[in-house]
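Under our numbering, the first residue of the sequence shown carries the number 13, and numbering increases by one thereafter. The structure appears below as C-alpha coordinates.
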Amino acid sequence: MTAIPGTPQHRRLQLLHVAAATWVLLVSATVVIDHVALSNLADESKDRTPAMRIAVLEGRLDDLAQQLDQHRQRPTALPQTRYESERRALDQRIAAVEAALGEHPTTDALQSLLARLERIEARLATARPTPSASVRPRAPTPVKPRPVEPAFRVIGVDLRAGERFVAILPTNTAALEQVRLLRPGEAEAGWRLEAIEGGTAVFRHGDETRRLIVPER
(Lines of atoms letter the chains of each structure in order from A; the text may use other names.)
(Lines give C-alpha, C1' and ligand atoms only; values in the text may rest on other atoms or scores of the structure.)
Protein backbone atom coordinates (compact mmCIF):
# COMPACT_ATOMS: atom_id res chain seq x y z
CA MET A 13 0.00 0.00 0.00
CA THR A 14 1.32 3.42 -1.05
CA ALA A 15 0.92 6.29 1.36
CA ILE A 16 -0.28 9.62 -0.01
CA PRO A 17 2.45 12.29 0.26
CA GLY A 18 1.80 14.86 2.96
CA THR A 19 -0.39 12.60 5.02
CA PRO A 20 0.53 11.50 8.56
CA GLN A 21 0.88 7.93 7.34
CA HIS A 22 3.48 8.99 4.78
CA ARG A 23 5.53 10.86 7.41
CA ARG A 24 5.55 7.79 9.74
CA LEU A 25 6.78 5.62 6.91
CA GLN A 26 9.67 8.01 6.21
CA LEU A 27 10.66 8.02 9.91
CA LEU A 28 10.68 4.22 9.95
CA HIS A 29 12.99 4.14 6.90
CA VAL A 30 15.39 6.62 8.54
CA ALA A 31 15.40 4.66 11.81
CA ALA A 32 16.07 1.39 10.00
CA ALA A 33 18.96 2.88 8.03
CA THR A 34 20.46 4.37 11.22
CA TRP A 35 20.20 1.04 13.03
CA VAL A 36 21.92 -0.77 10.15
CA LEU A 37 24.75 1.77 10.21
CA LEU A 38 25.19 1.39 13.98
CA VAL A 39 25.30 -2.40 13.76
CA SER A 40 27.81 -2.27 10.89
CA ALA A 41 30.03 0.14 12.80
CA THR A 42 29.90 -2.07 15.89
CA VAL A 43 30.86 -5.13 13.87
CA VAL A 44 33.77 -3.29 12.26
CA ILE A 45 35.03 -2.00 15.62
CA ASP A 46 34.78 -5.46 17.20
CA HIS A 47 36.63 -7.02 14.28
CA VAL A 48 39.45 -4.50 14.53
CA ALA A 49 39.69 -4.97 18.30
CA LEU A 50 39.77 -8.75 17.96
CA SER A 51 42.44 -8.54 15.25
CA ASN A 52 44.58 -6.27 17.41
CA LEU A 53 44.10 -8.58 20.39
CA ALA A 54 45.08 -11.60 18.34
CA ASP A 55 48.19 -9.85 17.02
CA GLU A 56 49.10 -8.74 20.52
CA SER A 57 48.60 -12.27 21.81
CA LYS A 58 50.83 -13.66 19.07
CA ASP A 59 53.51 -11.11 19.87
CA ARG A 60 53.26 -11.72 23.60
CA THR A 61 53.30 -15.54 23.49
CA PRO A 62 56.86 -15.92 22.16
CA ALA A 63 58.10 -13.31 24.64
CA MET A 64 56.50 -15.16 27.53
CA ARG A 65 57.90 -18.46 26.31
CA ILE A 66 61.33 -16.90 25.93
CA ALA A 67 61.22 -15.64 29.52
CA VAL A 68 60.21 -19.07 30.79
CA LEU A 69 62.88 -20.83 28.76
CA GLU A 70 65.54 -18.37 29.91
CA GLY A 71 64.64 -19.13 33.50
CA ARG A 72 64.87 -22.86 32.86
CA LEU A 73 68.23 -22.48 31.15
CA ASP A 74 69.58 -20.41 34.03
CA ASP A 75 68.43 -23.10 36.42
CA LEU A 76 70.14 -25.79 34.34
CA ALA A 77 73.38 -23.80 34.21
CA GLN A 78 73.32 -23.34 37.99
CA GLN A 79 72.72 -27.04 38.55
CA LEU A 80 75.56 -27.86 36.19
CA ASP A 81 77.95 -25.58 38.09
CA GLN A 82 76.97 -27.24 41.36
CA HIS A 83 77.40 -30.62 39.72
CA ARG A 84 80.95 -29.82 38.57
CA GLN A 85 81.95 -28.41 41.97
CA ARG A 86 81.20 -31.67 43.75
CA PRO A 87 84.02 -34.03 44.77
CA THR A 88 85.51 -36.07 41.95
CA ALA A 89 84.87 -39.20 43.92
CA LEU A 90 81.13 -38.93 43.20
CA PRO A 91 79.63 -42.43 43.05
CA GLN A 92 78.99 -43.55 39.48
CA THR A 93 75.34 -44.45 40.18
CA ARG A 94 74.62 -40.99 41.62
CA TYR A 95 76.39 -39.29 38.71
CA GLU A 96 74.35 -41.28 36.17
CA SER A 97 71.03 -40.47 37.88
CA GLU A 98 71.80 -36.73 38.04
CA ARG A 99 73.03 -36.79 34.45
CA ARG A 100 69.77 -38.41 33.28
CA ALA A 101 67.72 -35.80 35.17
CA LEU A 102 69.62 -32.95 33.50
CA ASP A 103 69.30 -34.62 30.10
CA GLN A 104 65.52 -34.84 30.53
CA ARG A 105 65.26 -31.16 31.42
CA ILE A 106 67.46 -30.19 28.49
CA ALA A 107 65.33 -32.32 26.16
CA ALA A 108 62.20 -30.53 27.40
CA VAL A 109 63.78 -27.14 26.69
CA GLU A 110 64.87 -28.30 23.23
CA ALA A 111 61.33 -29.45 22.46
CA ALA A 112 59.98 -26.05 23.47
CA LEU A 113 62.58 -24.29 21.34
CA GLY A 114 61.65 -26.43 18.34
CA GLU A 115 58.17 -24.91 18.25
CA HIS A 116 59.57 -21.50 17.20
CA PRO A 117 62.72 -22.23 15.15
CA THR A 118 62.72 -18.88 13.37
CA THR A 119 62.60 -16.58 16.40
CA ASP A 120 65.94 -14.85 17.00
CA ALA A 121 65.57 -14.86 20.77
CA LEU A 122 64.79 -18.55 20.78
CA GLN A 123 67.77 -19.24 18.56
CA SER A 124 69.91 -17.43 21.12
CA LEU A 125 68.48 -19.66 23.83
CA LEU A 126 69.22 -22.69 21.69
CA ALA A 127 72.86 -21.61 21.45
CA ARG A 128 73.01 -21.30 25.24
CA LEU A 129 71.49 -24.73 25.55
CA GLU A 130 74.14 -26.22 23.27
CA ARG A 131 76.86 -24.65 25.41
CA ILE A 132 75.31 -26.15 28.54
CA GLU A 133 75.21 -29.56 26.88
CA ALA A 134 78.90 -29.22 25.97
CA ARG A 135 79.74 -28.36 29.58
CA LEU A 136 77.66 -31.26 30.79
CA ALA A 137 79.61 -33.62 28.53
CA THR A 138 82.83 -32.57 30.28
CA ALA A 139 81.36 -32.83 33.77
CA ARG A 140 81.89 -36.59 34.03
CA PRO A 141 83.78 -37.23 37.25
CA THR A 142 87.34 -38.44 36.78
CA PRO A 143 87.82 -41.67 38.67
CA SER A 144 90.27 -41.16 41.44
CA ALA A 145 93.53 -42.95 41.00
CA SER A 146 93.52 -46.14 42.96
CA VAL A 147 96.03 -46.05 45.73
CA ARG A 148 97.64 -49.37 46.28
CA PRO A 149 97.93 -50.20 49.93
CA ARG A 150 101.52 -50.16 50.97
CA ALA A 151 102.70 -53.59 51.92
CA PRO A 152 103.71 -53.66 55.54
CA THR A 153 107.42 -53.89 56.07
CA PRO A 154 108.15 -57.34 57.37
CA VAL A 155 109.33 -57.16 60.93
CA LYS A 156 112.38 -59.19 61.53
CA PRO A 157 111.89 -61.42 64.52
CA ARG A 158 114.14 -60.55 67.38
CA PRO A 159 116.73 -63.22 67.96
CA VAL A 160 115.86 -65.46 70.86
CA GLU A 161 118.49 -65.41 73.52
CA PRO A 162 119.04 -68.26 75.99
CA ALA A 163 117.64 -67.58 79.43
CA PHE A 164 120.78 -68.98 81.02
CA ARG A 165 124.54 -68.67 80.87
CA VAL A 166 127.25 -71.32 80.76
CA ILE A 167 129.45 -71.30 83.84
CA GLY A 168 131.64 -74.31 83.12
CA VAL A 169 132.12 -77.91 82.01
CA ASP A 170 132.16 -80.88 84.37
CA LEU A 171 133.48 -84.36 83.69
CA ARG A 172 131.64 -87.16 85.45
CA ALA A 173 132.27 -90.87 84.87
CA GLY A 174 134.08 -89.98 81.70
CA GLU A 175 131.13 -87.95 80.35
CA ARG A 176 131.24 -84.21 79.86
CA PHE A 177 128.44 -82.00 81.15
CA VAL A 178 127.78 -78.28 80.66
CA ALA A 179 126.97 -76.39 83.84
CA ILE A 180 124.38 -73.62 83.29
CA LEU A 181 122.83 -71.03 85.58
CA PRO A 182 119.69 -68.87 84.99
CA THR A 183 120.60 -65.41 83.74
CA ASN A 184 118.78 -63.53 86.49
CA THR A 185 120.34 -65.34 89.44
CA ALA A 186 123.73 -66.13 90.92
CA ALA A 187 122.59 -68.79 93.39
CA LEU A 188 124.74 -71.88 92.91
CA GLU A 189 121.94 -74.16 94.08
CA GLN A 190 120.16 -73.42 90.78
CA VAL A 191 123.05 -74.73 88.69
CA ARG A 192 122.00 -77.46 86.27
CA LEU A 193 124.15 -79.93 84.37
CA LEU A 194 123.29 -80.73 80.75
CA ARG A 195 124.68 -83.54 78.64
CA PRO A 196 124.46 -83.39 74.80
CA GLY A 197 120.86 -84.06 73.70
CA GLU A 198 119.26 -82.46 76.78
CA ALA A 199 117.49 -79.08 76.69
CA GLU A 200 116.76 -76.11 78.91
CA ALA A 201 114.04 -73.51 78.16
CA GLY A 202 113.77 -74.76 74.58
CA TRP A 203 117.52 -74.71 73.96
CA ARG A 204 118.98 -78.14 73.17
CA LEU A 205 122.64 -78.85 73.82
CA GLU A 206 123.98 -80.17 70.53
CA ALA A 207 127.64 -80.59 71.36
CA ILE A 208 130.58 -79.54 73.48
CA GLU A 209 133.41 -78.46 71.23
CA GLY A 210 136.52 -77.59 73.21
CA GLY A 211 135.73 -74.38 75.04
CA THR A 212 132.35 -73.86 73.30
CA ALA A 213 128.89 -75.26 74.02
CA VAL A 214 126.66 -75.47 70.94
CA PHE A 215 122.92 -74.92 71.59
CA ARG A 216 120.02 -75.00 69.10
CA HIS A 217 116.54 -73.42 69.39
CA GLY A 218 114.50 -74.12 66.26
CA ASP A 219 116.53 -72.57 63.45
CA GLU A 220 118.63 -70.54 65.88
CA THR A 221 122.07 -71.76 66.84
CA ARG A 222 124.19 -70.29 69.61
CA ARG A 223 127.77 -71.03 70.48
CA LEU A 224 128.29 -70.12 74.12
CA ILE A 225 131.83 -69.82 75.36
CA VAL A 226 132.69 -71.91 78.39
CA PRO A 227 134.53 -69.69 80.87
CA GLU A 228 137.94 -70.87 81.94
CA ARG A 229 138.33 -71.90 85.55
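Idealized CB from N, CA, C, for every residue including glycine.
- Setting aside the 5 residues that flank it on each side, Glu220 is surrounded in the same chain by Val160, each with a C-beta closer than 6 Å to its C-beta; the list follows chain order.
- At least 9 Å separates the beta-carbon of Leu188 from that of Phe177.
- Between the beta-carbon of Arg192 and that of Arg204 there is about 14 Å, and that puts the pair past the 8 Å contact cut.
- Of the residues assessed, Ile180 falls on the buried side of the cut-off, its CB having 16 or more other CB atoms within 10 angstroms.
- Assignment of Thr183 by DSSP, reduced to helix, strand and coil, places it in the coil class.
- By the Cβ-count criterion, Pro162 is buried, with 16 or more other Cβ atoms from all chains shown falling within 10 Å of its own Cβ.
- Less than 9 Å divides the Cβ of Gln190 from the Cβ of Pro182.
- Across the set Glu175, Ala201, Ala101, Leu129, the C-alpha of Leu129 shows the shortest separation from the C-alpha of Ala77.
- Closest by C-alpha distance to Val166, out of Ala186, Pro152, Arg158, Arg150, is Ala186.
- Around the beta carbon of Ala134, fewer than 16 other beta carbons sit within 10 angstroms, so the residue counts as exposed.
- Of the candidates Gly210, Asn184, Phe164, the residue whose Cα lies closest to the Cα of Leu171 is Gly210.
- Between Ala199 and Phe164, the C-beta spacing is not below 9 Å.
- If you check the CB distance, Val226 and Gly168 come in under 9 Å.
- Only residues of its own chain outside the window of five on either side were considered, and among them Arg223, Leu224, Ile225, Val226 have a CB closer than 8 Å to the CB of Thr212, listed in chain order.
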